[in-house]
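Colleague: Residue numbers (the working numbering), protein chains in the order written: chain A, 13 to 94; chain B, 311 to 718. Where a beta carbon is used, it is the ideal one built from N, C-alpha and C, also for glycine.
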Amino acid sequence: MSQSDILEGLAAILEEVAGVDPADVTADKTFIDDLDVDSLSMVEVVVAAEEKFDVKIPDEDVKSLKTVGDAVSYIQRAGVAA
Amino acid sequence: MTATPRQVVVTGLGATTPLGGDVASTWEGLLAGRSGVRRLTDEWVEQLPVHIAAPAAVEPPLERLEARTLDRVQQLALVAAREAWADAGTPEVDPERLAAVVGSGIGGVLTLLNQYEVLRERGPRRVSPHVVPMLMPNGPAATVGLAFTARAGVHAPVSACASGAEAIGYALDMIRAGRADVAITGGSEAAIHPLPLAGFAQMQALSRRNDAPQAASRPFDKGRDGFILGEGAGALVLESAEHAAARGARVYATLAGSGTSADAYHVTAPEPSGAGAARAVRAALHSGGLTPADLVHINAHGTSTPIGDVAEAHALRAALGDTLDGVAVTSTKSMTGHLLGAAGAVEAVIAVLTLRDRVVPATRNLDALDDEIDLDVVSIDNRAIPAGAVLSNSFGFGGHDVCLVFTP
Chain A
13 MSQSDILEGL AAILEEVAGV DPADVTADKT FIDDLDVDSL SMVEVVVAAE EKFDVKIPDE
73 DVKSLKTVGD AVSYIQRAGV AA
Chain B
311 MTATPRQVVV TGLGATTPLG GDVASTWEGL LAGRSGVRRL TDEWVEQLPV HIAAPAAVEP
371 PLERLEARTL DRVQQLALVA AREAWADAGT PEVDPERLAA VVGSGIGGVL TLLNQYEVLR
431 ERGPRRVSPH VVPMLMPNGP AATVGLAFTA RAGVHAPVSA CASGAEAIGY ALDMIRAGRA
491 DVAITGGSEA AIHPLPLAGF AQMQALSRRN DAPQAASRPF DKGRDGFILG EGAGALVLES
551 AEHAAARGAR VYATLAGSGT SADAYHVTAP EPSGAGAARA VRAALHSGGL TPADLVHINA
611 HGTSTPIGDV AEAHALRAAL GDTLDGVAVT STKSMTGHLL GAAGAVEAVI AVLTLRDRVV
671 PATRNLDALD DEIDLDVVSI DNRAIPAGAV LSNSFGFGGH DVCLVFTP
């Protein structure tokens, strides 16, 4: 799956879970400070991403996903590994 | 010698009930004698012995994002609280002097049960991270406290069907004691689901008049056979008289007092002589510096259960003696159904409107007064009352007795 497909998929999840405008979802944005996703909603984003992209994102890895770009790269790698 | 407690007034009202999505439509429905009870259409209904309930008339008008992390009981509480706050003129208040006290009988039971199904069917990873703050019984209080930045304290009295009234009494105590100047207070309930319905039905507590939903809630009537499960929320803005006067607020009424007691008799059945409830009535009057002769109206708990309505009648006689004969009694549950932890709050709102308009909504479905009930129950036509004190009763499983008294 391409990076832009993953970015688009994440943007749809962020809009559904936290009301983030898809236009604001770019690789450099941090989930918590820039996109205002709280810690509980972040859990929902992760679980929805696992389902959408058919990957596993263990809780201990979630902490390292600060920006949208971090998540896109992680999902791309995890998808290849799977 | 003790200092005179601060006077506490009602400056805002809010409600969302089986009769309407706000105070005005609820009051209009009550005065018109409408019933909010209906036949449920959910697919699970047929397996239950009870097919009727009193759902909220209007779905909570919240934004999708706001609603998705709030249980329905929190949504209803927020709707009522927002109406009450706007009705009070959105008071300017120091957040550290603002309290939120909102009770619920059961809390976020819909979330609990629905998420248990998610756990069973899809596993723990699919359980919502919002499940705990949605199901906790203090959820409605927390939601309201956050929405209005209440930092004097956020509290959630839980006493089954007396929760809403107990919350209001607690808020009164906070303001009287100087721990807050303003409080948003009330109760909320949203438990129309097969499990609570089946549980109440197994207790033989619910009416089974499935073929005549609007005639099913019949407090004090010979033919009553149980209560109707309702949902909704009621909210009041309470304020110290000084605070209200300083901002030129419109004042509906004074919350003159509250009284509580406990039966310690049986977990669900009321003490048959009404002795426990009578003590709460007396305590409420005493708390307001009032006597039985001051009362012009009682909004009864009157749920339409065979035992409960008789016990309440005995309690009122025990507490008020002969002065009860001149007092107009009504049970608005005949129209709203029984909103459990929201009942005391919705009925407090109704009591304040009754006092304001000096008209008592008639009890619906009272065809023949039970021989054991010696009360002047207003039926068929609404009745005008003189200015005076109004009592609102709430009793809950667990033996909780809570009475509130309002004065002009």
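Along the region 29-61 of chain A, what residues have a CB closer than 9 angstroms to any CB found in chain B?
Modeller: Correct list: Val29, Ala30, Gly31, Ser51, Leu52, Ser53, Met54, Val55, Glu56 and Val59.
Colleague: What number of angstroms, rounded off, separates the C-alpha of Gly310 of chain B from the C-alpha of Val464 of chain B?
Modeller: Nothing in the structure corresponds to residue 310 of chain B, since chain B is present only between 311 and 718.
Colleague: Counting only Cβ-Cβ distances shorter than 8 angstroms, please list the residues of the region 414-438 of chain B near chain A, keeping chain order.
Modeller: Here the close residues are Arg435, Arg436 and Ser438.
Colleague: When you compare the CB positions of Ala515 of chain B and Thr495 of chain B, do they come within less than 7 angstroms of one another, or not?
Modeller: Going by C-beta atoms, Ala515 of chain B is not nearer than 7 angstroms to Thr495 of chain B.
Colleague: Please check if any C-beta of chain A sits within less than 7 angstroms of the C-beta of Met311 of chain B.
Modeller: Because the pLDDT at Met311 of chain B is just 45, under 50, the model does not fix this residue reliably, and the value given afterwards should be weighed accordingly. By this cut-off, Met311 of chain B is not an interface position.
Colleague: Taking 7 angstroms as the CB-CB limit, is Leu375 of chain B close to chain A?
Modeller: True, the Cβ-Cβ gap to chain A drops below 7 angstroms.
Colleague: Apart from the five residues on each side of it in sequence, which residues of its chain come closer than 6 angstroms, Cβ to Cβ, to Met311 of chain B?
Modeller: Note that Met311 of chain B scores a pLDDT of 45, beneath 50, so its modelled location is shaky and nothing firm can be said.
Colleague: Rounded to the nearest angstrom, what separates Arg407 of chain B and Ser550 of chain B at their Cα positions?
Modeller: Straight-line Cα distance between these residues: approximately 11 angstroms.
Colleague: Closer than 7 angstroms, CB to CB, is His440 of chain B near chain A or not?
Modeller: With 7 angstroms as the cut-off, His440 of chain B counts as an interface residue toward chain A.
Colleague: Going residue by residue through the region 382-465 of chain B, where are the continuous beta strand (DSSP E) segments of at least 3 residues, counting only ones entirely within it?
Modeller: Complete beta strand (DSSP E) runs here, min 3: 408-413 and 463-465.
Colleague: From Glu431 of chain B to Val656 of chain B, what distance separates their C-alpha atoms?
Modeller: Those two C-alpha atoms are separated by around 38 angstroms.
Colleague: Give the C-beta separation of Pro696 of chain B and Val606 of chain B to the nearest angstrom, bearing in mind that I take them to be a contact with Cβ-Cβ under 8 angstroms.
Modeller: Their Cβ separation, rounded to whole angstroms, is 6 angstroms, which keeps Pro696 of chain B and Val606 of chain B in contact under 8 angstroms.
Colleague: To the nearest angstrom, how far is the alpha carbon of Gly417 of chain B from that of Ser498 of chain B?
Modeller: Taking the straight line from one Cα to the other gives about 8 angstroms.
Colleague: On the three-state DSSP scale, how would you describe Ser85 of chain A?
Modeller: Three-state result, Ser85 of chain A: helix.
Colleague: Would Ala409 of chain B and Ala490 of chain B qualify as a contact pair, given that the criterion is a beta-carbon distance under 7 angstroms?
Modeller: Cβ distance < 7 angstroms, so Ala409 of chain B and Ala490 of chain B count as in contact.
Colleague: Taking 7 angstroms as the cut-off, decide whether the C-beta atoms of Ser568 of chain B and Gly647 of chain B are in contact.
Modeller: No, the pair does not count as a contact, with Cβ atoms beyond the cut-off.
Colleague: Which one of B:Val389, B:Gly479, B:Gln385 and B:Pro504 has the shortest CA to CA distance from Leu445 of chain B?
Modeller: Nearest C-alpha to Leu445 of chain B: B:Gln385.
Colleague: If we call anything under 7 angstroms between Cβ atoms a contact, is Val389 of chain B one with Thr326 of chain B?
Modeller: Their beta carbons are under 7 angstroms apart, which means Val389 of chain B touches Thr326 of chain B by this criterion.
Colleague: Using a threshold of 7 angstroms, state whether the C-beta atoms of Thr615 of chain B and Lys643 of chain B are closer than that.
Modeller: Taking 7 angstroms as the Cβ cut-off, Thr615 of chain B and Lys643 of chain B do not qualify as a contacting pair.
Colleague: Please determine if the region 584-591 of chain B and the region 619-633 of chain B are in contact, where contact requires at least 3 C-beta pairs separated by less than 8 angstroms.
Modeller: Judged by Cβ distances under 8 angstroms, the region 584-591 of chain B makes contact with the region 619-633 of chain B, as three or more pairs qualify.
Colleague: Judging by CA-CA distance, which residue of B:His361, B:Arg668, B:Ser583 and B:Phe510 is the nearest neighbour of Arg348 of chain B?
Modeller: The shortest Cα separation from Arg348 of chain B among B:His361, B:Arg668, B:Ser583 and B:Phe510 belongs to B:His361.
Colleague: Would Ser469 of chain B and Gly636 of chain B qualify as a contact pair, given that the criterion is a beta-carbon distance under 7 angstroms?
Modeller: No, these two residues do not count as a Cβ contact at 7 angstroms.
Colleague: Using DSSP bridges, identify the partner residues of Asp531 of chain B.
Modeller: In the DSSP output, where bridge partners are listed per residue, Asp531 of chain B has B:Leu679.
Colleague: In whole angstroms, give me the CA-to-CA distance for Pro365 of chain B and Gly346 of chain B.
Modeller: Those two C-alpha atoms are separated by around 7 angstroms.
Colleague: Along the chain, where does the beta strand (DSSP E) that runs through Gly569 of chain B open and close?
Modeller: From DSSP, the beta strand (DSSP E) with Gly569 of chain B extends over Ala563 to Ala572.
Colleague: Three Cβ pairs or more, each shorter than 8 angstroms: is that satisfied between the region 447-462 of chain B and the region 393-406 of chain B?
Modeller: Judged by Cβ distances under 8 angstroms, the region 447-462 of chain B makes contact with the region 393-406 of chain B, as three or more pairs qualify.
Colleague: Is it a yes or a no for the region 368-383 of chain B touching the region 671-679 of chain B, going by three-plus beta-carbon pairs under 8 angstroms?
Modeller: The region 368-383 of chain B vs the region 671-679 of chain B: no contact.
Colleague: To which residues of the same chain is Ile25 of chain A closer than 7 angstroms at the C-beta, ignoring the five residues directly before and after it?
Modeller: Excluding residues within five positions, the ones whose Cβ falls inside 7 angstroms are Val57, Ala60, Ala61 and Lys64.
Colleague: Using the C-alpha atoms, what's the distance from Arg557 of chain B back to Pro401 of chain B?
Modeller: Looking at the two C-alpha atoms, the distance is approximately 8 angstroms.
Colleague: Return the CA-CA distance between Asn692 of chain B and Arg674 of chain B, expressed in angstroms with no decimal places.
Modeller: The straight-line gap from Cα to Cα measures roughly 10 angstroms.
Colleague: Which residues does DSSP pair with Ser498 of chain B in a beta bridge?
Modeller: Note: Ser498 of chain B sits in a beta bridge opposite B:Ala543.
Colleague: What are the partner residues of Ala90 of chain A, as DSSP defines its beta bridges?
Modeller: For Ala90 of chain A, which the question treats as bridged, DSSP gives no partner whatsoever.
Colleague: Going by C-alpha distance, which of B:Pro529, B:Arg316 and B:Gly536 is nearest Leu507 of chain B?
Modeller: Checked all of B:Pro529, B:Arg316 and B:Gly536; the closest Cα to Leu507 of chain B is B:Gly536.
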